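Written out below as structure tokens is the structure these notes cover.
Residue numbers (the numbering used here): 247 to 353.
This is the structure in structure tokens:
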């Protein structure tokens, strides 16, 4: 991919913004009242497709500068998101999710 330095910087900024947006979503999914099935569905519908696209773009960008700090940081963020695809909610989180759903249902 032949990009100018300005274009590369802009694309890296966009990827960084998207990465932080996804990390924020994952944190929300892990800390709010989702069941494991709901979490897994969010991962399948939202996280996995974005991970695939982000990883492909990062591979193309890193072909020119694999050791660039921004590329390394983005790869670390993608690794964290990849770990989140197999995240298992704890029994405490599931109990809290059930209590939240129960309380919302019986108000």
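Beta carbons are placed, not taken as given, at the ideal position from N, Cα and C, and that holds for glycine.
It should be emphasised that the depicted structure is a prediction, and the values quoted were computed from it without experimental measurement.
Report, in whole angstroms, the separation of the C-beta atoms of residue i and residue j, which I expect to be a contact under 8 angstroms.
i           : j           : result
residue 323 : residue 265 : 4 angstroms
residue 293 : residue 327 : 6 angstroms
residue 335 : residue 285 : 6 angstroms
Ignore the nearest five residues each way along the sequence and tell me which others in residue i's own chain have a CB closer than 8 angstroms to its CB.
i           : result
residue 288 : 271, 275 and 280
Work out the CA separation of residue j and residue i for me, nearest whole Å.
i           : j           : result
residue 225 : residue 346 : Residue 225 is absent from the model: the chain starts at 247 and stops at 353.
residue 349 : residue 341 : 12 angstroms
residue 308 : residue 267 : 21 angstroms
residue 290 : residue 330 : 11 angstroms
residue 257 : residue 332 : 28 angstroms
residue 282 : residue 298 : 22 angstroms
I'd like to check one pair, residue j with residue i: are the Cβ atoms closer than 8 angstroms?
i           : j           : result
residue 320 : residue 252 : no
residue 244 : residue 304 : Residue coverage of the chain in this structure runs from 247 to 353, which leaves residue 244 outside it and unanswerable.
Starting from the C-beta of residue i, find all residues in its chain whose C-beta is less than 7 angstroms away, skip the five residues before and the five after it, and write them out in chain order.
i           : result
residue 311 : 317
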